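Colleague: Quick note on numbering: the sequence shown equals residues 18 to 252 in my numbering. Even for Gly, the Cβ is constructed at its ideal location relative to N, Cα and C. Just so we're clear, the structure is a prediction, and the values are computed from it rather than from any experiment.
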Amino acid sequence: MREPCYRRLGMYAAIAAAAAALCACTPSTSDDAGRRSQTQPQIDMLVNNASSWRHPAYTQTLAGLTLLRDGRPFAHANLAVGHAIARVNPRISAIDALYLADYAIAAARRQMLDPEFFCAMLLQESAFDPDALSSAGAVGIGQFTLDTAASQGVNPFDVRGAIDGSAALIAAYVRAYGGYADPYATALAAYNAGPDAVRRYAGVPPFEETQQYITYVYERWARILSEEKLTRKPS
Numbered sequence: 018m019r020e021p022c023y024r025r026l027g028m029y030a031a032i033a034a035a036a037a038a039l040c041a042c043t044p045s046t047s048d049d050a051g052r053r054s055q056t057q058p059q060i061d062m063l064v065n066n067a068s069s070w071r072h073p074a075y076t077q078t079l080a081g082l083t084l085l086r087d088g089r090p091f092a093h094a095n096l097a098v099g100h101a102i103a104r105v106n107p108r109i110s111a112i113d114a115l116y117l118a119d120y121a122i123a124a125a126r127r128q129m130l131d132p133e134f135f136c137a138m139l140l141q142e143s144a145f146d147p148d149a150l151s152s153a154g155a156v157g158i159g160q161f162t163l164d165t166a167a168s169q170g171v172n173p174f175d176v177r178g179a180i181d182g183s184a185a186l187i188a189a190y191v192r193a194y195g196g197y198a199d200p201y202a203t204a205l206a207a208y209n210a211g212p213d214a215v216r217r218y219a220g221v222p223p224f225e226e227t228q229q230y231i232t233y234v235y236e237r238w239a240r241i242l243s244e245e246k247l248t249r250k251p252s
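#1: Apply the 10 Å Cβ neighbour rule to residue 164 and answer buried if 16 or more other Cβ atoms are within range, or exposed otherwise.
#2: So, are the CB atoms of residue 154 and residue 142 less than 8 Å apart?
#3: What does the alpha-carbon distance come out to for the pair residue 221 and residue 214?
#4: For residue 94 versus residue 112, is the C-beta distance shorter than 8 Å?
#5: Where does residue 128 land, buried or exposed, given buried means 16+ other C-beta within 10 angstroms?
#6: Rounded to whole angstroms, what's the CA-CA distance from residue 169 to residue 139? Just pull it up for me.
#7: Quick check on residue 203: buried or exposed, where buried means 16 or more other Cβ atoms within 10 Å of its Cβ?
#8: Please list, in chain order, all residues of the same chain as residue 210 whose beta carbon is under 7 Å from its beta carbon, the five residues on each side excluded.
#9: Run through the segment 90-150 for me and flag every whole alpha helix (DSSP H) of 4 or more residues, listed as ranges in chain order.
#10: Using the rule of at least 16 other Cβ atoms within 10 Å of the residue's Cβ for burial, across every protein chain shown, is residue 99 buried or exposed?
#11: Considering only C-alpha positions, which residue in the set 117, 162, 144 is nearest to residue 152?
#12: Ends of the alpha helix (DSSP H) at residue 212?
#13: Given a cut-off of 8 Å on the beta-carbon distance, is the pair residue 145 and residue 187 in contact?
#14: What are the start and end residues of each continuous alpha helix (DSSP H) run of 4 or more residues lying completely inside the segment 152-185, in chain order?
#15: Short of 6 Å in beta carbon distance, which residues of its chain neighbour residue 200, apart from the five on each side in sequence? Order them along the chain.
#16: Please state the DSSP three-state secondary structure of residue 245.
#17: Which term fits residue 196, buried or exposed, when burial requires 16 or more other beta carbons within 10 angstroms of its beta carbon?
#18: Specify the secondary structure class of residue 194 as computed by DSSP and reduced to three states.
#19: Exposed or buried, what is residue 147 when buried is set at 16 or more other beta-carbons lying within 10 Å of its beta-carbon?
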């Protein structure tokens, strides 16, 4: 029996996206400016093209890409974060990992927030799982409690809304604690333990869970940066 047309189209789309992704990562070694411009990462194009077709049965073709699984270090934040998501949460397909990375980075930049820091926080919060549910009742990618979600006007079950709401909240904390020695650590403490705890202890509270949480986020942050081959580090 001949393979249905839509199956073959899905397969060809996956192969084309894979080829585009691999070509996008080819480093430019020539002094020819025109040729170099053609080898720059076309991540936005890949995300848009890949998001236009949703065939879960065929996205396994992309799951084997060395681009996301073994191809580190990366010179582009989207790829480094996508690789981190695929590594931490193998249940998320490679193409969805790239889509989530792209959206989270854009959300952070809209809030003037360090994108790698924000993505490291989401990795620690939920491993980018839209259906994550904690024992404390926090839900979704941003791990909002229902009370916090209501106060922020966020639907925690909506992937984009939860990412946007999470970026807005942590960015507000970073700005609020700008006078502290480490605004990022203090902001993470507020996100994890609540701003009342930060106020009570005039900084990061002495809670083991909160302090471990900050440590883990910083470790993820540093790893993403190292995979981007960037010289800057969390401070």
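Modeller: Taking the geometry as given:
#1: By the neighbour-count criterion, in which a residue is buried when 16 or more other Cβ atoms sit within 10 angstroms of its Cβ, residue 164 is exposed.
#2: No; because the gap between Cβ atoms is not below 8 Å, this pair is not in contact.
#3: Roughly 8 Å separates the two Cα atoms.
#4: No, these two residues do not count as a Cβ contact at 8 Å.
#5: Buried: at least 16 other Cβ atoms inside 10 Å.
#6: When rounded, the distance between both Cα atoms is 17 Å.
#7: Counting of Cβ neighbours within 10 angstroms places residue 203 among the buried residues, the total reaching 16 or more.
#8: Excluding sequence neighbours, residue 210 sits near 222, 224, 227.
#9: List check, alpha helix (DSSP H) in window: 94-105, 111-127, 132-143.
#10: With 16 or more Cβ atoms within 10 Å of its Cβ, residue 99 is classed as buried.
#11: Across the set 117, 162, 144, the C-alpha of 162 shows the shortest separation from the C-alpha of residue 152.
#12: Run containing residue 212: 212-218, per the alpha helix (DSSP H) assignment.
#13: With contacts defined by Cβ atoms closer than 8 Å, residue 145 and residue 187 do not form a contacting pair.
#14: Listed in chain order, the complete alpha helix (DSSP H) runs (minimum 4 residues) inside the segment 152-185 are 163-169.
#15: Around residue 200: 191, 194.
#16: If DSSP states are grouped into helix, strand and coil, residue 245 belongs with coil.
#17: By the neighbour-count rule (16 or more Cβ atoms within 10 Å), residue 196 is not buried but exposed.
#18: Correct three-state label for residue 194: coil.
#19: Around the beta carbon of residue 147, 16 or more other beta carbons sit within 10 angstroms, so the residue counts as buried.
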